[in-house]
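Which chain is which? The protein sequence lines are A and B, in order.
Here full-length UniProt numbering is used: the first residue of the first sequence is 1, the next is one more, and so on.
Here full-length UniProt numbering is used: the first residue of the second sequence is 1, the next is one more, and so on.
Encoded as structure tokens, the structure appears first; notes follow it.
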Amino acid sequence: MTRCADRPSASQISITHVTQGSCVASASPNEVYATILGSCICTCMCDPVAGVGGMNHFLLPSSEVEDAQHLRYGSHAMELLINALLKLGAARQRIEAKIFGGAMMTPQLGAIGQANAAFARRYLRDEGILCTAQSLGGNRARRIRFWPKTGRVQQMFLGSEDVVPTEQPQLRLQGGAGDVTFFDRHSNAEMPDPIKEPR
Amino acid sequence: MSKTILAVDDSPSVRQMVRLTLVGAGYTVVEAVDGQDALEKATAQRFDAILTDQNMPRLDGLGFIRKFRTLPEGKGVPIVFLSTESQDTLKAQAKEAGAIGWMIKPFDQAQLLAVVKKVAGA
């Protein structure tokens with residue numbers, strides 16, 4: 001059997017597990033991103049012309065689609081991914097997305113998966129990003145593998161015997177989120193959070 | 001008369017978030033989709049403050065400020081970056097270009113309102 005010349009061998013492949021709150025991007029043909037989803041959403045974005053792609057993985061804490069938290073943190077998770085792709089040479093108008101997850105795993109989490117899925121769909125629509133594939137909802141966990149260079153995605157539903165990481169809604173933010181730096185004459189008085197002085 | 005803020009971001013979701021926050025506090029908000037759009041709007045109308053993203057198509061935030069500050073209309077208008085970026089080198093470039101501040105996304109409504117109130121007035 002012959003193997004495609006430009007496809008990396010198994011020993012060359014690097015698999016990165018993308019946990020909740022993470023965002024990764026690459027242009028390497030050797031990179032594969034993997035994650036396991038219950039109620040969470042993962043967005044796989046790719047610019048097929050530039051050959052770059054990335055994945056985020058988030059779980060918004062509210063079942064209210066209109067909740068301001070969704071706009072704040074969900075948009076942030078998406079923007080981080082888009083910016084990471086742009087830095088690798090993607091063009092915004094060429095970015096395509098595939099979205100997965102949003103299952104109802106336990107009654108305790110209620111309709112959070114559904115709300116997360118609704119947010120992801122609406123975000124892509126509002127931003128004019130083409131959604132080329134989606135697998136959302138249901139009540140089974142998913143294992144996702146994503147090849148960022150090509151945009152290829154492999155999904156496998158997990159059975160009840162598989163161990164799925166417990167998902168608790170949480171918002172992980174990069175250091176400094178919400179911080180303000182004023183450069184010159186504006187003082188730091190009256191601000192609600194610590195303000196950094198100019199360096 | 002309410003203060004008028006120009007919100008510059010290529011993301012409709014971010015512009016919506018800024019607009020909802022500021023309009024709810026009594027500000028008038030005009031939106032621009034990138035630095036080039038912002039340059040055209042900021043030269044056609046005087047704003048009390050400008051909030052701009054950095055990474056945008058056509059013209060990024062730094063490019064917008066550098067061009068805007070060379071124009072007569074660009075004198076004295078406070079400009080604050082709203083960005084996911086937090087590198088000191090970018091902040092230094094922003095200061096050099098003529099921005100007065102840098103706010104790291106994501107932020108909550110109170111933080112954004114406090115910044116706008118400080119630079120544009122209530």
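Don't be surprised by glycine CBs; every beta carbon is placed ideally from N, CA and C.
Residue i - partner residues in DSSP beta bridges
i, result
"I99(A)", "T43(A), Q134(A)"
"H17(A)", "A34(A)"
"M156(A)", "R143(A)"
"A49(B)", "I5(B)"
"I104(B)", "S83(B)"
"G74(A)", "Answer is none; G74(A) lacks a bridge partner."
"G53(A)", "S26(A), C46(A)"
"T28(B)", "T4(B)"
"F182(A)", "G101(B)"
"F58(A)", "I41(A)"
Residue nearest to residue i in terms of C-alpha spacing, selected from the options
i, options, result
"K105(B)", "G26(B), T43(B), Q54(B)", "Q54(B)"
"G89(A)", "E31(A), P29(A), D47(A), T181(A)", "D47(A)"
"M104(A)", "A115(A), E96(A), I95(A)", "A115(A)"
"Y123(A)", "I13(A), G74(A), N30(A), I144(A)", "G74(A)"
"R143(A)", "C40(A), P29(A), Q12(A)", "C40(A)"
"T181(A)", "W102(B), E31(B), D60(B), P72(B)", "W102(B)"
"M1(B)", "F68(B), K91(B), R46(B), G26(B)", "G26(B)"
"A110(B)", "R72(A), I112(A), H76(A), A111(A)", "R72(A)"
"K67(B)", "L39(B), A49(B), L90(B)", "L39(B)"
"G24(B)", "K95(B), F64(B), K3(B)", "K3(B)"
"D184(A)", "L112(B), V80(B), G121(B)", "V80(B)"
"Q93(A)", "R125(A), L130(A), H57(A), Q108(A)", "L130(A)"
"P29(A)", "S9(A), E127(A), C42(A)", "S9(A)"
"G159(A)", "G38(A), G21(A), Q12(A)", "G38(A)"
"G128(A)", "M78(A), A27(A), I13(A), R145(A)", "M78(A)"
"A99(B)", "V29(B), E73(B), L51(B), D108(B)", "L51(B)"
"F146(A)", "C44(A), G113(A), S11(A)", "C44(A)"
"Q36(B)", "I5(B), L62(B), F107(B)", "L62(B)"
"R140(A)", "P148(A), P107(A), F119(A)", "P107(A)"
"P148(A)", "Q12(A), H17(A), A111(A), M55(A)", "M55(A)"
Residue burial classification, residue i (beta-carbon count within 10 angstroms, cutoff 16)
i, result
"L60(A)", "buried"
"P194(A)", "Per-residue confidence for P194(A) stands at a pLDDT of 41, beneath the threshold of 50, marking its modelled position as unreliable; the derived number appears in the next sentence. Result: exposed."
"D34(B)", "buried"
"A25(A)", "buried"
"A117(A)", "buried"
"K87(A)", "exposed"
"V49(A)", "exposed"
"M17(B)", "buried"
"H76(A)", "buried"
"I15(A)", "exposed"
"F157(A)", "exposed"
"E96(B)", "exposed"
"H57(A)", "buried"
"D60(B)", "buried"
"A189(A)", "Since pLDDT at A189(A) reaches only 40, below the 50 mark, its modelled position is unreliable, and the value read off the structure follows with that caveat. The residue in question, A189(A), is exposed, as its Cβ has fewer than 16 Cβ neighbours within 10 Å."
"G121(B)", "exposed"
"P78(B)", "buried"
"R199(A)", "Annotation note: pLDDT 40 at R199(A) (below 50); position unreliable, coordinate value reported separately. By the neighbour-count rule (16 or more Cβ atoms within 10 Å), R199(A) is not buried but exposed."
"G53(A)", "buried"
"D88(B)", "exposed"
"A49(B)", "buried"
"residue 216(A)", "In the structure as shown, chain A starts at 1 and stops at 199, and residue 216(A) therefore has no counterpart that could be examined."
"T21(B)", "buried"
"R15(B)", "buried"
"K91(B)", "buried"
"L112(B)", "buried"
"E197(A)", "Caution applies to E197(A), whose pLDDT of 40 falls short of 50 and renders its modelled position unreliable; the value that the coordinates give is listed next. Classification of E197(A): exposed, given that the 10 Å Cβ count is below 16."
"S11(B)", "buried"
"P72(B)", "exposed"
"A91(A)", "exposed"
The ligand NAP heavy atom lying under 8 Å from the CB of residue i
i, result
"F146(A)", "Within the structure as shown, the ligand NAP is missing, as the structure has no ligands at all."
Original post:
Just by C-beta distance, which residues in the region 72-105 of chain A are closer than 7 Å to chain B?
Top reply: R72, Y73, S75, H76, E79, L80, N83, L86, R92
Original post:
Per the contact definition of three or more C-beta pairs closer than 8 Å, is the region 100-110 of chain A in contact with the region 135-149 of chain A?
Top reply: yes
**OP:** Could you list the residues in the region 49-60 of chain B with a C-beta less than 7 Å from some C-beta on chain A, going in chain order?
**Re:** N55, P57
Original post:
Are three or more beta carbon pairs between the region 67-87 of chain B and the region 149-157 of chain A nearer than 8 Å?
Top reply: no
Subject >> Contact the region 78-94 of chain A vs the region 31-38 of chain A: 3+ CB pairs below 8 Å >> reply: no
Subject >> Residues from the region 110-131 of chain A in contact with chain B, defined by Cβ distance under 7 Å >> reply: Y123, D126, E127
Original post:
Can we say the region 115-122 of chain B touches the region 52-67 of chain B, given the rule of at least three CB pairs closer than 8 Å?
Top reply: no
Subject >> Where the region 4-29 of chain A meets chain B: residues whose CB sits under 9 Å from a CB there >> reply: none
Subject >> Selection of the region 62-92 of chain B by Cβ proximity to chain A, strictly under 7 Å >> reply: For the region 62-92 of chain B, the beta-carbon criterion of a distance under 7 Å to any beta-carbon of chain A is satisfied by T84, S86, D88, K91.
Subject >> Members of the region 129-163 of chain A near chain B, C-beta cut-off 9 Å >> reply: Under the 9 Å Cβ criterion, the region 129-163 of chain A contributes no residue.
Original post:
Name the residues in the region 48-62 of chain A whose C-beta lies less than 9 Å from a C-beta of chain B; which are they?
Top reply: none
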